[in-house]
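Structure, as structure tokens:
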Amino acid sequence: MSMIRMYCTGICPYCDRAEDLLVRRGLGDHLEKIRVDQDRERLVEMLRMTQRRTVPQIFIGDHHVGGYDDLVELDMDGALNELLTEAGIA
185 MSMIRMYCTG ICPYCDRAED LLVRRGLGDH LEKIRVDQDR ERLVEMLRMT
235 QRRTVPQIFI GDHHVGGYDD LVELDMDGAL NELLTEAGIA
């Protein structure tokens, strides 16, 4: 099972940027992209878990990171490494 889940759509520049950041960090193999524009049940799941309608919505392990800006902030302040370690990724 992937340790990083990203709820996304096919036409979302912030989803693309989040994926690029994770791939640059060498985490592409741990990423599961969940297309909410192709699967209504997964959209409902995302809404239930996050109470948010925007994408991307990113989870590392069971921790809800939030969106792209949240991911960048975690990366810049070093907290992303801590989450990855807790999830058994880094």
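For what it's worth, this note's numbering labels the leading residue of the sequence shown as 185, then goes sequentially. For glycine and all other residues, C-beta sits at the position ideal for the given N, C-alpha and C. Keep in mind it's a predicted model, so treat the numbers as computed, not measured.
- If you compare the alpha carbons of His-214, Gln-241 and Glu-216 with that of Leu-227, the shortest gap goes to Gln-241.
- A residue is called buried when at least 16 other Cβ atoms come within 10 angstroms of its Cβ; Ile-188 meets this threshold and is buried.
- In the structure shown, Arg-232 adopts helical secondary structure according to DSSP, grouped into three states.
- Per the coordinates, the alpha-carbon of His-248 lies some 12 angstroms from the alpha-carbon of Leu-258.
- Taking all protein chains shown into account, Glu-225 has fewer than 16 neighbouring C-beta atoms within 10 Å of its C-beta and is therefore exposed.
- The Cβ atoms of Ile-244 and Leu-268 lie closer than 8 angstroms to each other.
- For Leu-255, same chain residues with a beta-carbon under 6 angstroms away, outside a window of 5 residues either side, are Ala-202, Ile-242 and Val-249 in chain order.
- Put simply, the backbone Cα of Arg-208 is about 16 angstroms away from that of Met-190.
- Judged by their CB atoms, Ile-273 and Leu-215 are not nearer to each other than the 8 angstroms cut-off.
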